[in-house]
Amino acid sequence: MLKTVVCVSGGGTNLQAILDGIAQGAIRNVQIVRVISNNRKAYALERAALARIDAVCVSPRDYEDRERFNEAFLQKVEEADPDLIVLAGFLVVIPPQLIRRYENRIINIHPSLIPSFCGKGYYGLKVHEAALARGVKVTGATVHFVDEGTDTGPILMQKAVAVMDGDTPQSLQRRVMEEAEWVILPRCLDLIATGRVTVTDGQAHIAE
Ligand code: GAR
Numbered sequence: 024m025l026k027t028v029v030c031v032s033g034g035g036t037n038l039q040a041i042l043d044g045i046a047q048g049a050i051r052n053v054q055i056v057r058v059i060s061n062n063r064k065a066y067a068l069e070r071a072a073l074a075r076i077d078a079v080c081v082s083p084r085d086y087e088d089r090e091r092f093n094e095a096f097l098q099k100v101e102e103a104d105p106d107l108i109v110l111a112g113f114l115v116v117i118p119p120q121l122i123r124r125y126e127n128r129i130i131n132i133h134p135s136l137i138p139s140f141c142g143k144g145y146y147g148l149k150v151h152e153a154a155l156a157r158g159v160k161v162t163g164a165t166v167h168f169v170d171e172g173t174d175t176g177p178i179l180m181q182k183a184v185a186v187m188d189g190d191t192p193q194s195l196q197r198r199v200m201e202e203a204e205w206v207i208l209p210r211c212l213d214l215i216a217t218g219r220v221t222v223t224d225g226q227a228h229i230a231e
């Protein structure tokens with residue numbers, strides 16, 4: 024079983040897609056050992072509790088400075104001793120020491136087709152606002168491994184989603200979630216947990 028920690032900040036619909044995928048057998052060989060939120064009010068914490076999964080909150084607000092928060096966050100991860108860490112709508116910068124320690128063992132879901140609309144400042148609805156402002160006709164979602172840059176790690180999977188006339192950031196966000204995020208994130212977890220993903224020279228490969 025691939026012991027997995029899921030990090031969240033908000034509604035947790037991607038966490039739910041993972042929990043449902045495990046329950047339905049679409050994700051094999053994965054055990055969620057802990058959910059970590061930086062936000063005490065995140066509905067994702069409720070979802071974890073309903074699924075009887077250990078859930079903890081580590082908020083930067085509770086620490087004097089970033090260094091102390093990073094240490095506390097690292098400790099919460101290491102206590103769970105994961106094989107894989109999934110950033111499922113986690114809107115906090117990951118401590119560099121964690122990235123080095125878990126090289127090629129952290130994945131993130133981003134709501135655009137990287138390298139469009141990604142990097143610093145592009146998260147949540149802002150990504151969809153930017154896509155609509157640019158007038159793209161296709162957007163989507165990307166699952167990638169996390170390196171020390173922002174959204175720069177090896178791309179594992181992408182799925183395109185059409186932009187419709189009259190879309191609002193909210194309607195586009197919803198379609199990207201339904202058609203792409205909740206599909207590719209569970210799929211990637213299953214692929215990793217069944218040993219079909221390798222990363223070489225900064226590129227991720229899938230052996231189907
Ligand atoms: C998702 O759309 C995810 O792709 C995005 O935050 C949302 C979280 O929703 N992540 C980022 O923007 C990361 N840069 P959820 O809490 O319902 O899963």
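Numbering (this note's numbering), first residue to last: 24 to 231. Backbone N, C-alpha and C define an ideal beta-carbon position, used for all residues, glycine too. If you're wondering where the values come from, they're calculated on a predicted model, not measured in any experiment.
Could you work out which residue in the options is closest to residue i when comparing CA atoms only?
i, options, result
"Arg57", "Leu110, Asp174 and Thr27", "Thr27"
"Val169", "Ala67, Cys80, Ile122 and Lys99", "Ile122"
"Met24", "Asp106, Thr173 and Trp205", "Asp106"
"Ile59", "Val53, Leu97, Asn52 and Ala46", "Leu97"
"Ile207", "Ala164, Ala216 and Ile117", "Ala164"
"Ile178", "Val159, Trp205 and Ile129", "Ile129"
"Asp174", "Asn93, His133, Leu195 and Gln181", "His133"
Say the cut is 7 Å; is the CB of residue i nearer than that to a heavy atom of the ligand GAR?
i, result
"His133", "yes"
"Val81", "no"
"Gly34", "yes"
"Tyr86", "no"
"Asn61", "no"
"Glu152", "no"
"Ile38", "Reading off the sequence, residue 38 comes out as Leu, not Ile. It does: the Cβ of Leu38 is within 7 Å (strictly closer) of some heavy atom of the ligand GAR."
"Gln196", "yes"
"Leu114", "yes"
"Val31", "yes"
"Met200", "yes"
"Glu9", "The requested residue 9 is not part of the displayed model; the chain covers only 24 to 231."
"Ala111", "yes"
"Gly44", "no"
According to DSSP, residue i sits in a beta bridge with which residue or residues?
i, result
"Gly163", "Ala183"
"His133", "Thr165"
"Val28", "Arg57 and Ile108"
"Asn226", "One point to set straight first is that residue 226 is Gln, not Asn, in the sequence displayed. Beta-bridge pairing links Gln226 to Thr223."
"Cys141", "None; Cys141 has no bridge partner."
"Asp178", "Asp is not the amino acid found at residue 178; the sequence shown has Ile there. Paired residues: His167."
How would you write the range of the alpha helix (DSSP H) that residue i sits in, first residue to last?
i, result
"Leu214", "Trp205 to Ala216"
"Lys99", "Arg89 to Ala103"
"Ile122", "Pro119 to Arg124"
"Val199", "Pro192 to Val199"
"Thr36", "Thr36 to Gln47"
"Tyr86", "Where Tyr86 is concerned, there is no enclosing alpha helix (DSSP H), given that its DSSP letter is neither H nor E."
What is the C-beta distance between residue i and residue j, in whole angstroms, given that I count them as a contact (C-beta under 8 Å)?
i, j, result
"Gly35", "Ala67", "3 Å"
"Leu136", "Ala183", "6 Å"
"Ile50", "Ala111", "About 13 Å separates the two Cβ atoms, so there is no contact after all."
"Val115", "Ser32", "7 Å"
"Cys211", "Val166", "5 Å"
"Ala216", "Val53", "5 Å"
Could you spell out the range, first to last residue, of the beta strand (DSSP E) harbouring residue i?
i, result
"Arg128", "No beta strand (DSSP E) holds Arg128; DSSP gives it neither H nor E."
"Arg57", "Val53 to Ser60"
"Thr221", "Val220 to Thr223"
"Ala154", "It is not in any beta strand (DSSP E) - Ala154 instead sits in the alpha helix (DSSP H) that spans Leu148 to Arg157."
"Ala78", "Ala78 to Cys80"
I want to check one thing, is the minimum distance from the CB of residue i to the heavy atoms of the ligand NAD below 7 Å?
i, result
"Gly172", "Ligands in the displayed structure: the ligand GAR; the ligand NAD is not one of them."
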